[in-house]
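Its first residue numbered 62, the sequence shown is counted upward by one per residue in the working numbering.
Built from N, CA and C at the ideal position, the CB exists for glycine as well.
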Amino acid sequence: MDILRNTLLIPLAILALFASAQNSPAAGGRATIKGGQEILLHAYALFKPLDCKSFNVTVKVVKRPEKGKLRQVNGSIDPAKGYTTGFHANRCNGTRIKAKLFYYRAPKGFRGTAHIILRPVGIMGGRNQHFHITVK
Numbered sequence: 062m063d064i065l066r067n068t069l070l071i072p073l074a075i076l077a078l079f080a081s082a083q084n085s086p087a088a089g090g091r092a093t094i095k096g097g098q099e100i101l102l103h104a105y106a107l108f109k110p111l112d113c114k115s116f117n118v119t120v121k122v123v124k125r126p127e128k129g130k131l132r133q134v135n136g137s138i139d140p141a142k143g144y145t146t147g148f149h150a151n152r153c154n155g156t157r158i159k160a161k162l163f164y165y166r167a168p169k170g171f172r173g174t175a176h177i178i179l180r181p182v183g184i185m186g187g188r189n190q191h192f193h194i195t196v197k
């Protein structure tokens, strides 16, 4: 019984979740905004669901927008707001988790499309995430 319990506890103790801003306007990688407006593209957080301990997150900007500004903000998210996916994510509801948030601001008067590519690295996967923002 102890062997089984230890076998289950070890993976749970090192399990980290990828938290993403699923309810942001840019969830799914597509959004439409007006010139001069700013939009949250994605929030990245890494934490242990058993004690809600946060870890540093590394996100590489693969492609910046040709027009407009991409900015990264060190902030926090609450998993209860619909940001997390994965095993036991709800255990941390109501707890502020350190996160890196990426925002895009379209220039005033700009009309067109902005294409941005972000890639979380390390334990978070390394898969490119594409964002297509239509500015009207």
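Thinking C-alpha only, which one of G96, L101 and F163 is nearest K128?
Closest option to K128, Cα to Cα, is G96.
Short check: CB of I177 to CB of L131, under 8 Å?
Yes. Within cutoff.
P181 by DSSP, collapsed to three states: which one?
Note: P181 maps to strand in three-state DSSP.
For N135, which of helix, strand or coil comes out of DSSP?
Strand, per DSSP.
Mind the definition here: the stretch 134 to 142 touches the stretch 165 to 180 only if three or more C-beta pairs lie below 8 Å; say whether that holds.
Too few Cβ pairs lie closer than 8 Å, so no.
Since K159 sits in a beta bridge, which residues does DSSP pair it with?
In the DSSP output, where bridge partners are listed per residue, K159 has S137.
Would you call K169 buried or exposed, if buried means 16 or more other Cβ atoms sit within 10 Å of its Cβ?
Counting Cβ neighbours within 10 Å, K169 comes out exposed, since fewer than 16 surround it.
Mind listing, in chain order, the continuous beta strand (DSSP E) runs of no fewer than 3 residues lying wholly within the stretch 97 to 125?
As far as the stretch 97 to 125 is concerned, its whole beta strand (DSSP E) runs of at least 3 residues are 99 to 108 and 120 to 124.
Which residue's Cα is closest to the Cα of N26: K159, R125, N154 and K124?
Past the edges of the chain, shown from 62 to 197, lies residue 26, and the structure says nothing about it.
Under a Cβ-count criterion, where at least 16 other Cβ atoms within 10 Å of its own Cβ denotes burial, should V196 be classed as buried or exposed?
Answer is buried; the Cβ neighbour count reaches 16.
Restricting to Cα atoms, I'd like to know which of V123, K114 and P110 is closest to Q190.
Of V123, K114 and P110, the residue nearest in Cα terms is V123.
Using three-state DSSP, classify K197 as helix, strand or coil.
Residue state, collapsed to three classes: coil.
Note down, in chain order, each residue of its chain lying with its Cβ closer than 7 Å to the Cβ of G183, except the 5 sequence neighbours on either side.
Closer than 7 Å at the Cβ level, and outside the excluded window around G183, lie T119.
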